[in-house]
Amino acid sequence: MSKISYGKTPYIKIPCQVIRDLLPLYVDDAVSDESRKMIDEHLLSCEGCRKELERLRSGILIPISRGEEKENAGLFRRFRRKFRKRKIRIAVISVLATVLALAGLYCLAVLHTWVIPYDASLVNVEYEDGSLYAEFTGKNYYSSYGYGDNAGVVIDGGKKNIYILCYEENLWSRYVDPLIGREITEQDRRYEIWDQDMDFDVDIVYYGSEADMRRTEPYTEEELQGMPVLWERAQED
């Protein structure tokens, strides 16, 4: 530190390094009034220290007042509550959408069924010990449908009691069950459809179609002529 005299008033020249050490405190408003006055006087005549001051000021955040801080905190809390409510709504909507989608897939894959078209290797019907047994010989099915008409239909000049049998499948039984290795049980593969103690008799078993599952009117001989015959009672039965 050097002292220079101009006339009668002494002037103390502060080294730039000392001023620059004080500049961070100056920027933070943490210096005394005397130090601030000294730094201000130095900055008037020192371009290098002024540039250093600008550099420091460009790299700091201007502090906010307590009132602004509280206001911003309140805004943040309101935004957070609003955001939380929005997340809850989105979660609820997502759950509902998932449930509806799963319900739709369930209806499509399980509830929607159709009759498996007849094939000679699909099913066998056998008479054994006074009962009729249907044995499904295909790969898989979802459900079976049986309908006995005890009113009788005139066929080839004689009145005969008919029984309509068919098997249904859906997307689940056709595609999902094979993927997961699920097979029909032996009890579902071969089961009794009629015995002699029932209150109706059976002379002929036909394989039906979709229309037969919804039918409520008696059949005619002409309608039965095109239907596959699964079993017909012999005279000795």
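Quick note, the working numbering runs 7 ahead of the 1-based positions in the sequence shown. Backbone N, C-alpha and C fix where the C-beta goes; we use that ideal spot for every residue, glycine too. It should be emphasised that the depicted structure is a prediction, and the values quoted were computed from it without experimental measurement.
Which word fits Tyr198, buried or exposed, when buried means at least 16 other C-beta atoms lie within 10 angstroms of its C-beta? Along the sequence shown, read from residue 1 onward, the residue named residue 198 stands at position 191. By the Cβ-count criterion, Tyr198 is exposed, with fewer than 16 other Cβ atoms from all chains shown falling within 10 Å of its own Cβ.
Classification of Val183 by the beta-carbon crowding that lies within 10 angstroms, buried from 16 upward: Within the sequence shown, the letter at position 176 stands for residue 183. Label assigned to Val183: exposed.
Name the residue from Val130, Asn147, Leu172 whose alpha carbon lies nearest to the alpha carbon of Glu217. As a first step, residue 217 must be located in the sequence shown, where it is residue number 210. If you compare the alpha carbons of Val130, Asn147, Leu172 with that of Glu217, the shortest gap goes to Leu172.
Just grab the DSSP bridge partners of Leu172 for me. By one-based count along the sequence shown, residue 172 stands at place 165. Bridge partners of Leu172: Gly153, Tyr214.
Within 10 Å of its beta-carbon, does Ser39 have 16 or more other beta-carbons around it, so buried, or fewer, so exposed? For the purposes of this step, residue 39 is taken as residue 32 along the sequence shown, with counting starting at 1. Around the Cβ of Ser39, a 10 Å sphere holds fewer than 16 other Cβ atoms; the residue is exposed.
What do you reckon, are the CB atoms on Pro185 and Tyr213 nearer than 8 angstroms? Position 178 of the sequence shown, counted from the start, is the residue given in the question as residue 185. Position 206 of the sequence shown, counted from the start, is the residue given in the question as residue 213. No, the pair does not count as a contact, with Cβ atoms beyond the cut-off.
List the whole-angstrom C-beta distance separating Tyr148 from Ile200, where the pair is believed to meet the contact cut-off of C-beta under 8 angstroms. Position 141 of the sequence shown, counting from 1, holds the residue named residue 148. Position 193 of the sequence shown, counting from 1, holds the residue named residue 200. Their Cβ separation, rounded to whole angstroms, is 14 angstroms, which puts Tyr148 and Ile200 out of contact at 8 angstroms.
Would you mind stating whether Asn177 and Thr120 have Cβ atoms separated by less than 8 angstroms? As a working note, residue 177 is residue 170 in the sequence shown. As a working note, residue 120 is residue 113 in the sequence shown. Taking 8 angstroms as the cut-off, the Cβ atoms of Asn177 and Thr120 count as close.
Count Cβ pairs between the region 100-110 and the region 157-171 that sit closer than 8 angstroms; are there 3 or more? Judged by pairs of C-beta atoms under 8 angstroms, the region 100-110 does not touch the region 157-171, as fewer than three such pairs exist.
Measuring only the C-alpha atoms, how far is Phe246 from Val130? Residue 246 cannot be examined here, being either before or after the span of the chain that is shown, 8 to 244.
Quick check on Cys114: buried or exposed, where buried means 16 or more other Cβ atoms within 10 Å of its Cβ? The residue labelled residue 114 in the question sits at position 107 within the sequence shown. With fewer than 16 other Cβ atoms within 10 Å, it is exposed.
Can you check whether the CB of Leu30 is closer than 8 angstroms to the CB of Glu48? Mapped onto the sequence shown, residue 48 falls at position 41. Mapped onto the sequence shown, residue 30 falls at position 23. No, the Cβ-Cβ distance between Glu48 and Leu30 is not below 8 angstroms.
Our contact map puts Ile169 next to Tyr125 with C-beta atoms below 8 angstroms; I'd like the distance itself, whole angstroms only. Along the sequence shown, one-based indexing puts residue 169 at 162. Along the sequence shown, one-based indexing puts residue 125 at 118. Actually they do not touch by this definition, with Cβ atoms about 16 angstroms apart.
Assumed close pair Glu239, Asp210 - CB separation to whole angstroms, cut-off 8 angstroms: Within the sequence shown, numbered from 1, the residue matching residue 239 stands at position 232. Within the sequence shown, numbered from 1, the residue matching residue 210 stands at position 203. Contact annotation, Glu239 with Asp210: C-beta distance approximately 7 angstroms; criterion of less than 8 angstroms satisfied.
Would you report the Cα separation of Glu41 and Ser65, rounded to the nearest angstrom? For the purposes of this step, residue 41 is identified with residue 34 of the sequence shown, where counting begins at 1. For the purposes of this step, residue 65 is identified with residue 58 of the sequence shown, where counting begins at 1. So the two alpha carbons sit approximately 25 angstroms from each other.
Rounded separation between Asp249 and Gly164 - CA only: For the chain, the structure presents residues 8 to 244; residue 249 sits outside this window and is missing.
Output the boundary residues of the beta strand (DSSP E) element that contains Arg57. As a working mapping, residue 57 is identified with position 50 in the sequence shown. Unbroken run through Arg57 is the alpha helix (DSSP H), 54-65; no beta strand (DSSP E).
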